[in-house]
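Each protein sequence line maps, in turn, to chains X, R, F, S, E and B. Quick note on my numbering: the first sequence kicks off at 40 and runs consecutively. Quick note on my numbering: the second sequence kicks off at 40 and runs consecutively. Quick note on my numbering: the third sequence kicks off at 40 and runs consecutively. Quick note on my numbering: the fourth sequence kicks off at 40 and runs consecutively. Quick note on my numbering: the fifth sequence kicks off at 40 and runs consecutively. Quick note on my numbering: the sixth sequence kicks off at 40 and runs consecutively. Quick reminder that beta carbons are idealized off the backbone N, C-alpha and C, glycines included. Treat the numbers as computed from the prediction; the structure is a model and nothing was measured.
There are 6 protein chains.
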Amino acid sequence: MQSPSDIKDITRPERHICDALAAIGSATASSELSFMGIRNPHMRGPKALREGFAVAGPALTLQCMPKREDIYGAGEYDNPELQLHRHVLYPAQAGDMVVVDARADMESGIFGEMMLTFLAGRGGAGVVVDGCIRDSAKAKELDLGIWVNGVTPNYHAQTNIIPFAVNVPVACGNVLVMPGDIIIADDDGVVAVPVAMAEELIERCSHHVEWEEFSRFKLSEGGDLRRYYPLTPDADDEYRAWKAEQDAKG
Amino acid sequence: MQSPSDIKDITRPERHICDALAAIGSATASSELSFMGIRNPHMRGPKALREGFAVAGPALTLQCMPKREDIYGAGEYDNPELQLHRHVLYPAQAGDMVVVDARADMESGIFGEMMLTFLAGRGGAGVVVDGCIRDSAKAKELDLGIWVNGVTPNYHAQTNIIPFAVNVPVACGNVLVMPGDIIIADDDGVVAVPVAMAEELIERCSHHVEWEEFSRFKLSEGGDLRRYYPLTPDADDEYRAWKAEQDAKG
Amino acid sequence: MQSPSDIKDITRPERHICDALAAIGSATASSELSFMGIRNPHMRGPKALREGFAVAGPALTLQCMPKREDIYGAGEYDNPELQLHRHVLYPAQAGDMVVVDARADMESGIFGEMMLTFLAGRGGAGVVVDGCIRDSAKAKELDLGIWVNGVTPNYHAQTNIIPFAVNVPVACGNVLVMPGDIIIADDDGVVAVPVAMAEELIERCSHHVEWEEFSRFKLSEGGDLRRYYPLTPDADDEYRAWKAEQDAKG
Amino acid sequence: MQSPSDIKDITRPERHICDALAAIGSATASSELSFMGIRNPHMRGPKALREGFAVAGPALTLQCMPKREDIYGAGEYDNPELQLHRHVLYPAQAGDMVVVDARADMESGIFGEMMLTFLAGRGGAGVVVDGCIRDSAKAKELDLGIWVNGVTPNYHAQTNIIPFAVNVPVACGNVLVMPGDIIIADDDGVVAVPVAMAEELIERCSHHVEWEEFSRFKLSEGGDLRRYYPLTPDADDEYRAWKAEQDAKG
Amino acid sequence: MQSPSDIKDITRPERHICDALAAIGSATASSELSFMGIRNPHMRGPKALREGFAVAGPALTLQCMPKREDIYGAGEYDNPELQLHRHVLYPAQAGDMVVVDARADMESGIFGEMMLTFLAGRGGAGVVVDGCIRDSAKAKELDLGIWVNGVTPNYHAQTNIIPFAVNVPVACGNVLVMPGDIIIADDDGVVAVPVAMAEELIERCSHHVEWEEFSRFKLSEGGDLRRYYPLTPDADDEYRAWKAEQDAKG
Amino acid sequence: MQSPSDIKDITRPERHICDALAAIGSATASSELSFMGIRNPHMRGPKALREGFAVAGPALTLQCMPKREDIYGAGEYDNPELQLHRHVLYPAQAGDMVVVDARADMESGIFGEMMLTFLAGRGGAGVVVDGCIRDSAKAKELDLGIWVNGVTPNYHAQTNIIPFAVNVPVACGNVLVMPGDIIIADDDGVVAVPVAMAEELIERCSHHVEWEEFSRFKLSEGGDLRRYYPLTPDADDEYRAWKAEQDAKG
């Protein structure tokens, strides 16, 4: 188990990068990353505990390991400072995402309401666990995005796993996350963006599909998918007329 | 992979048949079908994305297959008309159900919001996928029943599967569906009705349990299950008196 | 299959014990039980069908077994009194919990709305199934806590399992439950409390963390986790001052 | 947990019935039972540890349950007579089959070599566990059929389950087994025969397909499946001539 | 369900192509196919029932579907010619591989000994099922490669699935197989080679690593992996000397 | 991904410790470790590829991670020295065990025959993978114990995972292994012994059950389990007489 004194903080990207990625959203980011060579950046498992959050931020990471009683004993309860799941929260800054490799364990509640309240209090953007949290009723009331496989009343080290290291590479939902990678999370799920690819990703997604709103409107009225998505040249003319009208209405 | 030009439309039952089945609901239909010899018409996996829809309609089907890179390549993105998941939507009419055999894959979002908006725009009753859709936040706002195993940000052919054929027999949620079979879907899940059995099924379910409302009322007041469900002869007398009173009240 | 005449009622604890356990909640109970030697009292699988219920009560149990057609045949439908899933409900009293060992089967709806309405009508506190119920739309409207793995339109004995015995020891969600054990259920899930351990458990949980409200408040404001959870001596002084002020405001 | 003093022995069928069923084999028995109304008498999971055994005998049963530390404690090791997995072996007679409901647990070795040596010494026909045994190297050397899901070094109550009752109805490999039912086991797996159906099953299987040897011979030479399996009238004539010739050769 | 009269035979590659692929083996073929763009041609699940077979041949395919009692009824047993799993065998020629999409079902024995004896009698190279066969003891004695997920005593349509179509595209072990594709199978498992890629695959694998025997010999003696695999220039000199010596020994 | 230059060798225990543990075997070691507080030291998944090996040795470890294409690219094939699965083998000494955390992936063959031949050539005791190897036919011929979940033709980084770090803590089969821990492996499976507990474990297992051979002999003759396992005082007298006789025969 890592010594708390060996834990390093992460390097954070400029805030506008995370803001741009949050606006792009997980669906567009995942598709585009696949065209950039990352076959599947989507974490299998974690789902939004409460819908409606759409965030992006750098990853603080916590690695859990199978429990071994000679390594994680009573000492952790005598001295809370030995509990590593606390240490991944200490360096949290506004906009950070906490990513926990919980080994898909469904009988360990990595964080309870107090830990999550602290993270929300620090302005954390969210927490992603390929496992569970506990105290879910209270957790849902926080202004904090939470993506988990499920919930449980059990505490973090009660059954099969123990926190083992902080800000090391982890596998969460079968996706490799390096500390400081950017996590995009919304109602479609959670995507990890390698930090070195973030700017190119934003660039590629910036060719904003301005006609998308028009397409959606026409399709919702029963318009032909072949004509309106993508737009045919004729439909593009129609779009421009519509847009001019919209702009005129202003 | 099927050529788009080989796709056939389905034969649709008269609308009143679908209306009757929607009113019967999945629970009564599944039980009664089992007494008619269909052991388990319920699709395992698909759940209502948004609760409260209760629909029935003929099945347009889409078969997916494991991805093979020599078969489904870049061409599909140069020419959207080669994407077969579009083709299952083109013939959609009001009241139709789109059923997708997605092989229980959790990393493929078969449809995104534009496709689903088109289906809703055409009056489609719903979509059933034993896998995922994407753009779930927007999809939930549509007037369209959606039953899926989950959601994902990934696009339809990003990882493990590809659309392969339209309006062919498919297995969805471990139930065999022939194109044109009638799909009943509500909060309990999704049931496939072999179209040739639909009229008999409606007939068998038509012996409306008029006393059910009475039973529910009595049970909710603490009435004896043995007396009120099913009704004993005594309780039946009680029911008739109650009903007369109700009718008198008008 | 058990004969209905062999079914025994359970012994119920005094009501205040259940009330105390409901107030303690599943999360605190599970942790504390683990310190008392019960490694994992949490049932894997059952989730709240409708959130917000927090109950505790003695367990009436129903054991299901794999279906064997020579044992569970047409007779059950000619004579409802042979259906054992009715018999677990007959003895239900106000505050009771019905616990069903459904073998994690996802194609059997153990109870439908009439059965559940009866249980609610009797004042039952809840039902826990490591499998499914049916008629979920109506079931959600009842004043009854319901914890299930899922929902299905199928009836109880339609596919893989049959009710087999009532008020015998069962395994629900991989937890052994003896008839009369106390079940705590809320949004975090379901925990079984061995009835002989209930009073000690309450005693151990009674050292009420009065400062918890203070900690939550400070953490939500960005306070230091190391200072406020648990409280350092300095923070404890701060807490006492805060509490005095609160009391003064009264 | 059952008290050892409450354990009942089973009623055994006449030996010739078991002999007949062993000769019929699991494949023919399973098919024919399905035509008699038992949809699936085959236990999913247990495989022959060592191939070549083909046996049938009445079932002594052991039910395991999820471990609960207040119920199965240190006492079992102070007093071996409290260990119920011993008690299922005590009444074993020549030809008996021991069937263990191990809940598909892969981390519990229900029996070790000493227990299995005792069973072999008593003339037991075999043991079936939908879980594991331990000491597999030595177990394989015994003259005892062993069907298990796997092997493990762990002892019976080391992790997740405990022995709970003997000679009660159990579910093994998702098949319901009543104490005294007849178990057929061979290289294709394990089938449970409801004891009341055994004689009819034997009767139905007794129309021995005498021409099967002839068919196999012809097919192995490249004969037409349509002609030789089942035999066409022409092939039947051919068979009779072949048989006469075989008989003449003597 | 497909009508037997609609079944088409496959086009077979020249025999030398299959022979070359059998010699290459599944491991080299799978790696090389991945470099050619087929990410994963390996079927998950099917294992050699008896080790030591290493074959390759064109695929005859059988598609199974979830059982639906209105489609697959008693008629199949009155008239064996309606059983489609027989029809995939009828066109079998020497060297053919029969590939069955059994939907990973573990309770359906697609073929029994008579069917397999016929296939062996016709010179079939092997059978691949992502599910089970039955009569495994006799099947193992045949001169026929058999790759299956497991064995069962149940017959092909006893429980969950039915044969549905012959020589259509199938998914076996999560790999898409077109009728006539070449199947390589050995102790490492089963790989599908798109028939249009077969010749290029053989070409790419033909750069025979002549020094591999030398490397294996040196490594088995404790030689340095860095020196002998792959060969360094120095080791290459050593190899040439060794080879000259070997050749001289003749 | 770890840089090869950062890899550290392990500290090895004295050879007699490993020899003693190999003699004790996985079954006795696992039970005794559980009494020493390690609830479950058994790795779930890995099975002996070829039976009959019984070894123990210190663990060299390899951690795999989910594949990420920006991290593990073509460079590894241009320069084999970048392939970390080679680096876990380089430091191998006689008696060492190589333990691979392969994340239970069934489509990655971590080692092929050349790598395994090298390990055998260095006198390695065995390899444990909670995943697969390839070239299994040749691998089985080596004088090397191999415990794996299965085999595959795919190469190590073909599909889902990549080698990521060497001689770091890993989770193999849901057991935490620290580099240098002692691995016991035989036909019952694989057990990890925390190196600091090895001597106490040996001590506790040294009270050799001398009468075990006598018990086995008596049980195999039909002796009473209650009398001979464990030995009653009477049976102990019998044992002493038997032993004296055996010794006299000498």
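Among the options, the one whose alpha carbon lies nearest that of residue i
{"i": "D226(E)", "options": "A141(B), L155(B) and I172(B)", "result": "I172(B)"}
{"i": "A178(X)", "options": "R255(F), A159(F), A62(F) and R142(F)", "result": "R255(F)"}
{"i": "G64(X)", "options": "L128(X), G84(X) and F92(X)", "result": "F92(X)"}
{"i": "P43(B)", "options": "G170(B), E120(B), S147(B) and H55(B)", "result": "E120(B)"}
{"i": "E260(F)", "options": "S69(X), L155(X) and I46(X)", "result": "L155(X)"}
{"i": "G262(B)", "options": "I56(S), G134(S) and G160(S)", "result": "G160(S)"}
{"i": "I46(S)", "options": "L128(S), E238(S), D109(S) and K288(S)", "result": "L128(S)"}
{"i": "A143(X)", "options": "N118(X), Y111(X), P105(X) and G151(X)", "result": "P105(X)"}
{"i": "N193(B)", "options": "I77(E), H246(E) and G162(E)", "result": "I77(E)"}
{"i": "C103(X)", "options": "E238(X), Q197(X), G162(X) and D182(X)", "result": "Q197(X)"}
{"i": "L88(F)", "options": "T191(F), D286(F), W281(F) and I200(F)", "result": "T191(F)"}
{"i": "E239(B)", "options": "M75(B), A66(B) and R54(B)", "result": "M75(B)"}
{"i": "D182(X)", "options": "V214(X), E108(X), V94(X) and K288(X)", "result": "V94(X)"}
{"i": "T100(E)", "options": "Q285(E), D117(E), A62(E) and H126(E)", "result": "H126(E)"}
Supposed contact pair residue j and residue i - C-beta distance, whole angstroms, cut 8 Å
{"i": "Q122(B)", "j": "P208(B)", "result": "Going by Cβ atoms, the distance from Q122(B) to P208(B) rounds to 21 Å, so no, they are not a contact pair."}
{"i": "V205(B)", "j": "Q41(B)", "result": "6 Å"}
{"i": "G212(F)", "j": "G134(F)", "result": "In fact, because the Cβ distance is near 21 Å, the residues do not count as touching under 8 Å."}
{"i": "G170(X)", "j": "A224(X)", "result": "Wrong, their Cβ atoms sit about 16 Å apart, outside the cutoff."}
{"i": "L215(B)", "j": "R107(X)", "result": "5 Å"}
Close-in-space but distant-in-sequence residues of the same chain around residue i (CB under 6 Å, 5 per side omitted)
{"i": "E90(E)", "result": "D226"}
{"i": "D48(B)", "result": "P130"}
{"i": "M217(B)", "result": "P208"}
{"i": "P136(S)", "result": "Note on identity: in this sequence residue 136(S) is Met, with Pro being the wrong assignment. Once the five neighbours on either side are set aside, the close Cβ partners of M136(S) are G96, A98, A164, G165 and I222."}
{"i": "V168(B)", "result": "V139, A141, I149 and V187"}
{"i": "D174(R)", "result": "G151 and E152"}
{"i": "R243(S)", "result": "E71"}
Span of the alpha helix (DSSP H) around residue i
{"i": "P233(X)", "result": "Unbroken run through P233(X): none, as it is neither H nor E."}
{"i": "I56(X)", "result": "R54 to F74"}
{"i": "D276(B)", "result": "P272 to K288"}
{"i": "L258(R)", "result": "E251 to S259"}
{"i": "Y268(F)", "result": "Taken as a continuous stretch (DSSP letters only), Y268(F) belongs to no alpha helix (DSSP H), as it is neither H nor E."}
N-terminal and C-terminal residue of the beta strand (DSSP E) that residue i is part of
{"i": "G160(R)", "result": "Per DSSP, G160(R) belongs to no beta strand (DSSP E); it is in the alpha helix (DSSP H), E152 to G160."}
{"i": "A204(S)", "result": "I200 to V205"}
{"i": "L181(B)", "result": "Note, L181(B): premise wrong, no beta strand (DSSP E); not H, not E."}
{"i": "L88(X)", "result": "Looking at the DSSP string, L88(X) is not in any beta strand (DSSP E), and its letter there is neither H nor E."}
Cβ shell of residue i (< 8 Å), same chain only, five flanking positions each side left out
{"i": "K86(F)", "result": "W186, V187, N188 and G228"}
{"i": "D220(X)", "result": "P97, A98, A231, V232, P233 and V234"}
{"i": "A237(B)", "result": "P52, I56, L60 and I221"}
Neighbourhood of residue i by C-beta distance below 7 Å, restricted to the same chain and skipping five residues each side
{"i": "S69(R)", "result": "P80, H81 and V230"}
{"i": "Y278(B)", "result": "W250, F253 and L270"}
{"i": "Y267(E)", "result": "S254, K257, L258 and A274"}
{"i": "T50(F)", "result": "G219"}
{"i": "H195(X)", "result": "H124, S147, G148, I149 and P202"}
Unbroken alpha helix (DSSP H) runs of length 4 or more, entirely within the segment 97 to 140 of chain X: which are they? Listed in chain order, they are 114 to 117 and 123 to 126.
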